[in-house]
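Numbering (this note's numbering), first residue to last: 29 to 285.
Below, the structure is given as structure tokens:
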């Protein structure tokens with residue numbers, strides 16, 4: 029990623045999906061041409077005192093229109109600023125960054141939890157195999173659910189039981205006896221830990237997209253690391269840089285996260 033530099037993107041559309049979740053389409057030719065499911069884009073604030081970018085996962089890639097979409101939750105100053113962008117505005121970005129999902133298998137289980145749901149949409153669109161899609165929400169604000177439905181059989185879990193299976197995504201998998209030979213997942217760390225355990229117990233290959241706070245986004249600062257089975261050639265210790273080596277890893281690569 030040494031060659032990655034800031035680029036100017038033009039906002040095509042920005043809209044609220046829920047009270048604190050926004051869908052942002054930008055036009056940036058370089059990113060669109062290179063991007064793949066599972067990668068992310070770093071967005072830079074116009075406030076000069078805010079030097080570090082905000083990493084946001086790619087939700088969709090529209091190569092015909094030359095656009096890429098991100099869906100994000102407002103959690104602080106940076107994302108609040110991006111939520112106010114309007115069509116025609118410009119924003120500084122860098123990307124695509126990180127390593128995305130590797131397409132494989134014959135029967136896939138795609139799992140997204142919370143704000144880990146958006147990165148699974150482009151993968152669902154691009155995989156040409158049988159797919160079961162399991163989406164985990166806190167309550168019945170089922171953002172993006174309808175957009176997944178043309179691309180596979182969709183199952184839902186909610187923590188409060190207001191829609192689908194009451195519980196988590198593993199509960200939904202068990203309730204509906206969902207099976208497959210490959211799992212692709214993105215979501216909060218407790219969810220990913222559970223998926224790793226489930227995959228190992230059932231002998232299923234799993235690719236996990238880890239969520240972590242990042243600083244530089246290109247692997248230089250070592251702010252986002254996870255414990256790995258193998259030593260990292262950059263640091264000579266047992267860790268991986270989530271922004272550079274990931275964010276997608278095979279479950280067996282990760283010792284603790």
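The C-beta atom is built at its ideal place from N, Cα and C for all residues, glycine as well.
Using the three-state DSSP reduction, which class does residue i fall into: helix, strand or coil?
| i | result |
| --- | --- |
| residue 121 | strand |
| residue 237 | strand |
| residue 220 | helix |
| residue 127 | strand |
| residue 180 | coil |
| residue 60 | helix |
| residue 147 | helix |
| residue 142 | helix |
| residue 41 | strand |
Measure the alpha-carbon distance for residue i versus residue j and round it to whole angstroms.
| i | j | result |
| --- | --- | --- |
| residue 76 | residue 110 | 15 Å |
| residue 195 | residue 165 | 9 Å |
| residue 60 | residue 54 | 9 Å |
| residue 33 | residue 279 | 31 Å |
| residue 180 | residue 56 | 29 Å |
| residue 41 | residue 230 | 42 Å |
| residue 213 | residue 174 | 19 Å |
When the Cα of residue i is compared with those of the options, which residue comes out closest?
| i | options | result |
| --- | --- | --- |
| residue 155 | 66, 283 and 36 | 66 |
| residue 133 | 140, 210 and 116 | 210 |
| residue 81 | 107, 96 and 89 | 107 |
| residue 95 | 190, 187, 150 and 232 | 150 |
| residue 131 | 143, 280, 152 and 114 | 152 |
| residue 63 | 84, 45 and 72 | 84 |
| residue 184 | 222, 103, 200 and 36 | 200 |
| residue 117 | 89, 74 and 148 | 74 |
| residue 127 | 281, 282, 113 and 237 | 237 |
| residue 234 | 135, 98 and 79 | 135 |
| residue 145 | 171, 167 and 225 | 171 |
Taking 7 Å as the CB-CB limit, is residue i close to chain C?
| i | result |
| --- | --- |
| residue 53 | Annotation note: the requested chain C is absent from the structure, which comprises a single protein chain. |
Checklist line | Segment contact, 8 Å Cβ cut-off, at least three pairs: the stretch 155 to 163 with the stretch 118 to 125 | finding: no
Notebook entry, point to check: Fully enclosed by the stretch 56 to 119, which alpha helix (DSSP H) runs are 4 residues long or longer?
Noted result: For the stretch 56 to 119, whole alpha helix (DSSP H) runs of length 4 or above, ordered along the chain, are 57 to 62 and 105 to 111.
Item checked: Minimum length 4: unbroken alpha helix (DSSP H) runs contained in the stretch 151 to 200 -> Complete alpha helix (DSSP H) runs here, min 4: 173 to 176.
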